[in-house]
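Comments concern the structure below.
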Amino acid sequence: MTGRGVILGLAAAPLLGGGAAQAQDWADHALCSPVEPALHAGAFAPADLAGLRAAAAAIPHGTGRFWRVVAPSGAVSHLWGTMHSADPSILALPDLVEQRIAEARIVALEIDPVLPSRAAFDARRVRRDWYRQDRLDGPPAGLHPAVLDWIRQRTEGLGWGRGAPERLTPGALAEVLLSDPCDDFSAGVLPVQDGRIQMLGLIGGATITPLEPRERIRQYLDSPGNADFAVDFLNVYGAYLDPATSRAERATRMALYLAGELGLMLAWDKAVVSAVLEDGGATLARVNRVLLDARNQAFIDTARANLAEGGVFLAVGSFHLPGQAGLIARLRRQGFTVTRIPLPGEASP
């Protein structure tokens, strides 16, 4: 994933028919094997790099993954923007970042995926609340036709079958879509970067603190009154499943992240989703208002007491950092001093 989701392809693919041969066959080992991060200008098509850089320049705090956060009390913590990916180039954290994790009193992550009890394990295994009661009504209304087909390919590839949009709740379907298909090969072996940070924190003796319950997004999408937002969410995350994805795009996405060019990644993300949904970015904007903007304030509210004491390593998806509603701007408005810590290989502002 990117800071929020996987940036995959840009071009819409033709609708595909059923059949096992199309169950994620495009996300094969040739595409997904570790790639050398490098910027390929052609990977942005049909957008162009110059236009995306101009859009990125308008996004505040769009450069840099690592930030020093000083509370009004003077206590020091750190903020790190993650990429939800298990690619080795993303798992290899800078030495200074690993050092701050090792020193941390608390490692705060978006969620804590470690199950707290045997009952929680059993509930997760059975997933009774993942299934719709109205399965005969068809898939959620409003899904883009190409996106619906890509979702069917993804659910078939994961063993849920092409009929999963009819059987699973929107929230459960969304949870299925949150992982990068290229991480399928190493699932259960390599963690995504957030998981590695959690592991390092545990090894260093830190307390692991989630910023929200692990089921929050799924339950929010399945809550009464949120059906329209759930469709928006599925359209956005389904748009990242374009079978036209190339290794050049993956290499470019990782290169931008390692260079700390988060604003450019956000601009590209808008181009990706807009090209598929053909809505000028309207659906993505609605999703971002909830998934990024509202959650950013909730993250701060949850972390505030610990930040006042210091010693917190706060690790969240990198898309949560930039922008006027991003964590950096919000923390500053709420009395914190937030200063970028440039890392080797990162771009200048």
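Going letter by letter, the sequence shown gives residues -23 to -1, 1 to 326 in mature numbering (1 follows the signal peptide of the UniProt record, and there is no 0). Backbone N, C-alpha and C define an ideal beta-carbon position, used for all residues, glycine too.
On the DSSP bridge assignment, give the partners of residue i in chain order.
i, result
"residue 108", "145"
"residue 45", "55, 316"
"residue 292", "57, 86"
Which one of the options has the shortest CA to CA distance from residue i?
i, options, result
"residue 18", "320, 230, 311", "230"
"residue 208", "41, 192, 149", "149"
"residue 12", "75, 63, 124", "63"
"residue 61", "44, 45, 173", "173"
"residue 144", "134, 158, 129, 227", "129"
"residue 59", "201, 228, 86", "86"
"residue 14", "93, 67, 278", "67"
"residue 227", "321, 216, 159", "159"
"residue 180", "109, 75, 95", "75"
If you run the structure through DSSP and keep just helix, strand and coil, what is residue i?
i, result
"residue 313", "coil"
"residue 238", "strand"
"residue 127", "helix"
"residue 54", "strand"
"residue 37", "coil"
"residue 184", "strand"
"residue 139", "coil"
"residue 279", "helix"
"residue 196", "helix"
"residue 321", "coil"
"residue 326", "coil"
"residue 170", "helix"
"residue 132", "helix"
"residue 273", "helix"
"residue 14", "coil"
"residue 222", "coil"
"residue 178", "helix"
Below 8 Å on the Cβ atoms is my contact criterion, and I expect residue i with residue j to pass it. Report the Cβ-Cβ distance as a whole number of Å.
i, j, result
"residue 155", "residue 211", "Residue 155 to residue 211, Cβ: 11 Å. No contact."
"residue 261", "residue 250", "5 Å"
"residue 214", "residue 151", "6 Å"
"residue 1", "residue 131", "6 Å"
"residue 239", "residue 40", "7 Å"
"residue 237", "residue 247", "Actually they are not in contact, since the Cβ atoms of residue 237 and residue 247 sit about 19 Å apart, beyond 8 Å."
"residue 317", "residue 44", "6 Å"
"residue 243", "residue 296", "6 Å"
### Query
Is there contact between the segment 69 to 82 and the segment 22 to 32, where contact requires at least three CB pairs shorter than 8 Å?
no
### Task
Determine, using beta-carbon pairs with one atom in the segment 262 to 281 and one in the segment 293 to 302, whether at least three such pairs fall under 8 Å.
yes
### Message
Between the segment 287 to 297 and the segment 169 to 183, can you find at least three pairs of beta-carbon atoms closer than 8 Å?
### Response
yes
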